[in-house]
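*Asks:* Following this message is one structure expressed as structure tokens.
Numbering (the UniProt record's numbering), first residue to last: 1 to 206.
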């Protein structure tokens with residue numbers, strides 16, 4: 001006898017979970033199956049924690065980093081190099097770079113990377129805010145610090161194209177990080193080397 005179970009809601013949850021970074025459809029199905037076996041109390045507590053985290057953690061209006069305020073401590077710090085902007089893929093990348101003390105300018109977090117498999121990611125990245133911040137802060141130097149993966153390099157290439165008409169220097173992190181590596185897994189020594197050996201890919205007047 002065929003099951004009369006309606007799997008629409010199950011499949012909807014699988015779709016939502018598979019949208020998470022690095023979660024395949026197969027992994028999303030396993031996570032969904034796991035959640036379905038847990039108690040109601042566990043699921044309700046998970047939803048409650050997620051809601052409270054979403055309400056308490058704000059997105060900085062300038063860099064899109066996480067903060068308890070509308071403007072984060074880095075963006076409001078006048079002692080930093082205010083004419084330099086380091087563009088990273090994710091918030092964890094910013095934290096790793098800060099711990100390495102290899103850079104002392106401002107940041108912009110994309111919160112995504114452009115994937116050839118998922119073209120809609122381009123629409124989810126707030127490039128308008130990035131351009132607005134470059135203009136408002138009178139940025140003179142941009143360092144593209146996306147990951148050294150296929151998606152990270154695709155994102156770097158898109159940024160180079162997007163910022164081509166701006167009168168600013170554009171750098172890509174240099175030797176120090178191997179191909180197919182992520183910024184958030186790099187050690188401080190490697191990051192310092194990558195910043196010291198950053199490659200100029202566009203002059204101001206190009």
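Glycine residues also receive a C-beta, built at the ideal position from the N, C-alpha and C atoms.
Keep in mind it's a predicted model, so treat the numbers as computed, not measured.
1) Keeping to the same chain, check which residues put their C-beta closer than 7 angstroms to that of residue 159; ignore five residues upstream and five downstream.
2) Is residue 12 helix, strand or coil when you go by DSSP?
3) Sort out for me which residues DSSP pairs residue 44 with in a bridge.
4) Taking the C-alpha atoms as reference points, what is the distance between residue 161 and residue 185?
5) I believe residue 14 touches residue 32 by the beta-carbon criterion, under 8 angstroms. Please report the beta-carbon distance rounded to the nearest angstrom.
6) Shorter than 8 angstroms from the beta carbon of residue 136 to some beta carbon of chain C?
7) By Cβ distance below 7 angstroms, which residues in the same chain neighbour residue 75 in space, the five residues on each side in sequence not counted?
8) In whole angstroms, what separates the C-alpha of residue 190 from that of residue 8?
9) Since residue 105 is in the beta strand (DSSP E), which residue starts that stretch and which ends it?
10) Residue range of the beta strand (DSSP E) that residue 84 falls in?
11) Residue 140 by DSSP, collapsed to three states: which one?
12) To test your reading of the DSSP string, which unbroken alpha helix (DSSP H) runs of 4 or more residues are found completely within the stretch 18-79?
13) Rounded to whole angstroms, what is the Cα-Cα separation between residue 78 and residue 155?
14) Can you tell me which of the three DSSP states residue 170 falls into?
15) Might you give, ordered along the chain, the residues of its own chain that have their beta carbon closer than 8 angstroms to the beta carbon of residue 56, omitting 5 neighbours on each side?
16) Return the residue from the list 134, 11, 183, 19 that minimises the CA-CA distance to residue 102.
17) So what does DSSP say about residue 182, is it helix, strand or coil?
18) Let me make sure I understand the geometry here. Which of 40, 137, 151 has the alpha-carbon closest to that of residue 168?
19) Would you list the residues sitting across from residue 148 in a DSSP beta bridge?
20) So what does DSSP say about residue 202, is it helix, strand or coil?
*Replies:* According to the data block:
1) Taking residue 159 as the centre and dropping the five residues before and after it, the same chain places the C-beta of 87, 144 closer than 7 angstroms to its C-beta, in chain order.
2) For residue 12, the secondary structure class from DSSP, reduced to helix, strand or coil, is helix.
3) Paired residues: none, contrary to the question.
4) In a straight line, the C-alpha of residue 161 is about 27 angstroms away from that of residue 185.
5) About 5 angstroms separates the two Cβ atoms, so the contact holds.
6) Among the protein chains of the structure shown there is no chain C, as only one such chain exists.
7) Non-local C-beta neighbours of residue 75 in its own chain, meaning closer than 7 angstroms and more than five positions away in sequence, comprise 60, 62, 63, 106, ordered along the chain.
8) Going by the C-alpha atoms only, they are around 47 angstroms apart.
9) Per DSSP, residue 105 is one residue of the beta strand (DSSP E) stretching across 105-109.
10) Residues 81-88.
11) Reduced to three states, the DSSP call for residue 140 is coil.
12) Scanning the stretch 18-79 for uninterrupted alpha helix (DSSP H) segments of 4 residues or longer gives 25-37, 40-56, listed from N- to C-terminal end.
13) Between residue 78 and residue 155, the C-alpha separation is close to 29 angstroms.
14) Correct three-state label for residue 170: strand.
15) Within the same chain, 68 come within 8 angstroms of residue 56 by CB-CB distance, once the 5 residues on both sides are set aside.
16) For the residues 134, 11, 183, 19, the minimum Cα distance to residue 102 belongs to 183.
17) Coil at residue 182, not helix or strand.
18) That would be 137, whose Cα lies nearest to the Cα of residue 168.
19) 181.
20) Correct three-state label for residue 202: strand.
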